[in-house]
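In my numbering, the protein residues as written are 574 to 773.
Listed below in structure tokens is the structure:
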């Protein structure tokens, strides 16, 4: 655990507040576009921002959401590399994105922020999960399905990668929350109404 208890306790709420920053809304407003909560799928994530405000806005949102997860996880590793502490800080940032205090706890689906967290904690597991995402999207052309498959594979990869086992509980929590956040997508997939890449 960190040597400074005060810093240890402070990092968790600070990570949550950073994770709560609505990157998609900030970027959309900077581009003079509509609030993503009022257009498209009404989600504040990069996919919807890209559809409603343009590719550049979507890319900036993606990068911003990744940084929201990566920065707290990186600081936590420096302050106190104990996996329990790092997991708590990382989860705080991730949950901040899902349930942001600035948006009355109605946030995005957390895929990009989870990616940022995992890029710091286990780059190899992240790359493997990213490969799962790409394979599913290339075959099925559903971003939502690829995101869920990638998140579900994350704890599996962590379990056999060196240094990853202590983070499996965190990976399971992230995976479950991401899938739960995709409930509407699952319903649309079942009904054949989910949007595909490059066409309906």
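Ideal placement from N, C-alpha and C gives every residue a C-beta, glycine not left out. If you're wondering where the values come from, they're calculated on a predicted model, not measured in any experiment.
Residue i: buried (16+ other C-beta within 10 angstroms of its C-beta) or exposed?
i           : result
residue 667 : buried
residue 730 : buried
residue 611 : exposed
residue 706 : buried
residue 649 : buried
residue 584 : buried
residue 656 : buried
residue 635 : buried
residue 686 : buried
residue 693 : buried
residue 682 : buried
residue 723 : buried
residue 609 : buried
residue 764 : exposed
residue 591 : buried
Determine the contact status of residue i and residue j, defining contact as a CB-CB distance below 8 Å.
i           : j           : result
residue 727 : residue 762 : no
residue 637 : residue 596 : yes
residue 689 : residue 752 : no
residue 716 : residue 620 : yes
Which value, in whole angstroms, describes the spacing of the CA atoms of residue i and residue j?
i           : j           : result
residue 658 : residue 725 : 23 Å
residue 773 : residue 714 : For residue 773, the predicted structure reports a pLDDT of 47, less than 50, and the residue's modelled location is therefore unreliable. The matter cannot be settled from this model.
residue 580 : residue 617 : 31 Å
residue 691 : residue 702 : 10 Å
residue 661 : residue 606 : 35 Å
residue 601 : residue 664 : 26 Å
residue 626 : residue 669 : 23 Å
residue 644 : residue 587 : 11 Å
residue 708 : residue 750 : 22 Å
residue 770 : residue 679 : 25 Å
residue 603 : residue 651 : 33 Å
residue 704 : residue 754 : 21 Å
residue 766 : residue 614 : 12 Å
Taking DSSP's pairing of strands, which residues face residue i in a bridge?
i           : result
residue 754 : Note: residue 754 sits in no beta bridge, so no partner.
Kindly say whether residue i, judged by its beta-carbon, lies nearer than 8 Å to any beta-carbon of chain D.
i           : result
residue 759 : You won't find chain D in this structure, because it holds only one protein chain.
Original post:
Any contact of the stretch 672 to 680 with the stretch 619 to 632, i.e. 3+ C-beta pairs under 8 Å?
Top reply: no
**OP:** Spell out a yes or no on whether the stretch 693 to 702 and the stretch 735 to 751 are touching, meaning 3 or more CB-CB pairs, one atom from each, closer than 8 Å.
**Re:** yes
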